[in-house]
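Asker: Here's a structure for you.
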Amino acid sequence: MLLAVGTKLEHIISQLAHEVAEKHIAIEGELVVKPSDDHFWFHRARIVLFLIHFILFQNAFEIAFFFWILVLCGYSTLPLYAIVTQKVKRKKGLKAAATGSVQGSSTDGSTVGIQLGRVVHKESAPES
């Protein structure tokens with residue numbers, strides 16, 4: 003719609019400029035351009051004016067809607083992102099502790115195992 007209205011206005015301007023160029027008369031203080039309804043669709047300038055108002059309203063509405071959605075998504079997305087990030091970090095920590103339990107032996111012959119953040123001492127059987 004914007005392209006159609008813009009093209010029509012461009013056509014009207016070129017027609018008016020052509021009419022002025024045909025007259026070759028320029029008197030200071032006199033209005034040389036004589037706009038008429040004949041240049042507009044169905045000889046009604048109000049149709050183009052209505053379409054211009056509609057396009058301006060539509061653009062303003064879209065910009066306002068964009069900023070409204072931006073704020074609305076910011077209020078919901080940012081806290082959700084923080085919560086999900088915390089849960090993923092916690093889950094990765096628990097998973098790493100569960101799968102990567104370290105087994106080693108201490109100096110007194112007992113086995114030390116670290117699992118889920120706890121230290122477990124296991125006494126090994128005395129060797130004979």
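Counting from 3, one number per residue, gives the positions in the sequence shown under our numbering.
Ideal Cβ placement from N, Cα and C applies to all residues, glycine included.
Values in this document were obtained by computation on a predicted structure and should not be read as measured data.
For the alpha helix (DSSP H) containing residue 70, list its first residue and its last residue.
Answerer: Note, residue 70: alpha helix (DSSP H), 47 to 101.
Asker: Please state whether DSSP places residue 29 in a helix, a strand or coil.
Answerer: Coil.
Asker: What does the alpha-carbon distance come out to for the pair residue 18 and residue 35?
Answerer: Residue 18 and residue 35: Cα-Cα distance of roughly 7 Å.
Asker: So, with DSSP's three-state summary, where would you put residue 10?
Answerer: Looking at residue 10 - three-state DSSP - the assignment turns out to be helix.
Asker: With H, G and I counted as helix, E and B as strand and the rest as coil, what does DSSP make of residue 15?
Answerer: The answer is helix: DSSP assigns residue 15 an H, G or I state.
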